[in-house]
Amino acid sequence: MAEESISQNEMDALLTGLSSSKVEAPLQFNEADVVKYDPLKQRYMAQKLPTLEMINDSFTRLARITLYNFLKRSANISTGTIRVIEYGEFLQSVINPSCLNLVQFKPLNGLGLCVFDPDISFLFIDSFFGGDGRFEMGGIAREFTPTELRTIQRILNLLLLNYQTAWEPYYAIDPVFVRTEMNPTFANIAPQTELTTVTTFVIEVGNISGRISFCLPNSMLEPAREIISSDSHSISSEIKSVWYESLKMQMSDAEITTVAELCHIPSTLKKVLDLKIGDVLYAELPHIINLKVEGLPVIECTYGQKDNRLCIQVEKIIHNFDSFTHLT
9 MAEESISQNE MDALLTGLSS SKVEAPLQFN EADVVKYDPL KQRYMAQKLP TLEMINDSFT
69 RLARITLYNF LKRSANISTG TIRVIEYGEF LQSVINPSCL NLVQFKPLNG LGLCVFDPDI
129 SFLFIDSFFG GDGRFEMGGI AREFTPTELR TIQRILNLLL LNYQTAWEPY YAIDPVFVRT
189 EMNPTFANIA PQTELTTVTT FVIEVGNISG RISFCLPNSM LEPAREIISS DSHSISSEIK
249 SVWYESLKMQ MSDAEITTVA ELCHIPSTLK KVLDLKIGDV LYAELPHIIN LKVEGLPVIE
309 CTYGQKDNRL CIQVEKIIHN FDSFTHLT
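Per our numbering, residue 9 is the first one in the sequence shown, and the count goes up by one each step.
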């Protein structure tokens, strides 16, 4: 079979197409437009923290009681969204003059912040010295006096105790107050670019509202990262046991009303309205009386005197308290 060859015309056509072809220039880009990508930072920012949300909810309930006892009036406190942001960005959101309280959360390494904004700080001070908080403090822009700082530290210690209790079922911490700064520049708990976990609690008392924020560097939270990022279904039995013990302790300190009723006297409204000073009501006293807790009969008792004092003696336990003493 004869070898096939290309003609001169075909050769010229190929050479012409090669010479006229264009080579695309390499893609140009501006280095200033390139954004650095940190996989670790993106993982932290996308990570959900369900256990920390439960801790914050527990702190909200405890702090509501603490603020009521301190302010002598009800306070509405709500939890904001947990944010993972750079420390420098958090400092830019701080209102001056805020109380930036540096706190060590032992055994975690490093320092965290508990920040009171001006409105809530002046409300605490006003209430402590007998004010009723009717005057808004938003127009005040000055530093706090030493006396005012000591007052703020008192409520801070109470709230840190609430925060410790809220953490206890999951990870034991011991918050220790270090110092207070009013200039964010001196509250250098982390580099400006380090990620921090921030939770803001909004407090409303009457027509005054303010914020309390916890800012915890992620490097400090690393030993507890696995716990605070797990959901309630994956909490170990050991942690649940600690939670139950904490609940038992709080329940045992709850105030209750106990009543031992000696007798009931049937009557009518007319008879009660007709009563005069000196009238005598006849009653038959039973041998056994019930001791009631919040209206629930729990113990059968007899009554009498001991050491010249009226008293009752336990004879029989009616209600079984095993469900309260053995929560696990």
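In this text, a Cβ means the ideal position worked out from N, Cα and C, and glycines have one as well. Since the model is a prediction, treat every value here as computed from it, not as a measurement.
*Using the rule of at least 16 other Cβ atoms within 10 Å of the residue's Cβ for burial, across every protein chain shown, is G312 buried or exposed?*
Answer is exposed; the Cβ neighbour count stays below 16.
*I think I197 touches P225, with their Cβ atoms under 8 Å apart; what is that distance to the nearest whole Å?*
6 Å
*asked:* Please tell me whether F222 and G120 are closer than 8 Å, where the distance is taken between their beta carbons.
replied: yes
_Range of the contiguous alpha helix (DSSP H) that encloses S129_ = P126 to F136
*Starting from V288, trace the alpha helix (DSSP H) both ways and give me its first and last residue.*
Element bounds for V288: n/a, residue is neither H nor E.
*asked:* Suppose the cutoff is 8 Å on Cβ atoms and the five residues either side in sequence are ignored; what does the same chain contact list for E292 look like?
replied: C271
*What does a CB cutoff of less than 7 Å around I235 pick up in its chain, not counting 5 residues either side in sequence?*
T59, Y178 and Y179
*According to DSSP, is D20 helix, strand or coil?*
helix
_CB-CB length for N109 against T188, believed under 8 Å_ = Going by Cβ atoms, the distance from N109 to T188 rounds to 5 Å, so yes, they are a contact pair.
_Taking the straight line between their C-alpha atoms, what separation do you get for S227 and S106?_
24 Å
*Would you check if there are 3 or more beta carbon pairs closer than 8 Å linking the region 197–207 to the region 127–136?*
no
_When V306, F136 and C319 are compared against I326, the one with the closest alpha-carbon_ = V306
_Applying the 10 Å Cβ sphere with the 16-neighbour rule, what's the burial state of H241?_
Residue placement at H241 is flagged as unreliable, the pLDDT there being 47, under the threshold of 50; a coordinate-derived value is accordingly withheld.
*Going by other Cβ atoms of all chains shown within 10 Å of its Cβ, with 16 needed for buried, is Y76 buried or exposed?*
With fewer than 16 other Cβ atoms within 10 Å, it is exposed.
*Could you check if S135 is buried or exposed, using at least 16 other CB atoms within 10 Å of its CB as the buried criterion?*
buried
*Distance, Cα to Cα, V301 vs R69?*
Cα atoms of V301 and R69: separation of roughly 24 Å, rounded to the nearest angstrom.
*Counting along the chain, where does the beta strand (DSSP E) carrying I73 start and finish?*
First-last for I73: P58 to L79, but that is the alpha helix (DSSP H), not the beta strand (DSSP E).
*Would you decide whether V288 is buried or exposed? Buried here means 16 or more other CB atoms lie within 10 Å of its CB.*
exposed
*Which value, in whole angstroms, describes the spacing of the CA atoms of Q1 and A262?*
In this structure the chain extends from 9 to 336, so residue 1 is not present and cannot be described.
_Residues near T207 in its chain [Cβ-Cβ closer than 6 Å; skip 5 each side]_ = Within the same chain, T207 has close Cβ partners N64, I90 and F222.
_Environment of G218 [buried if 16+ CB atoms lie within 10 Å]_ = buried
*Please name the residue, chosen from F124, T193 and T310, that lies closest to L167 on a Cα-to-Cα basis.*
F124
*Residues bridged to F222 [DSSP beta-bridge criterion]*: C122 and T207
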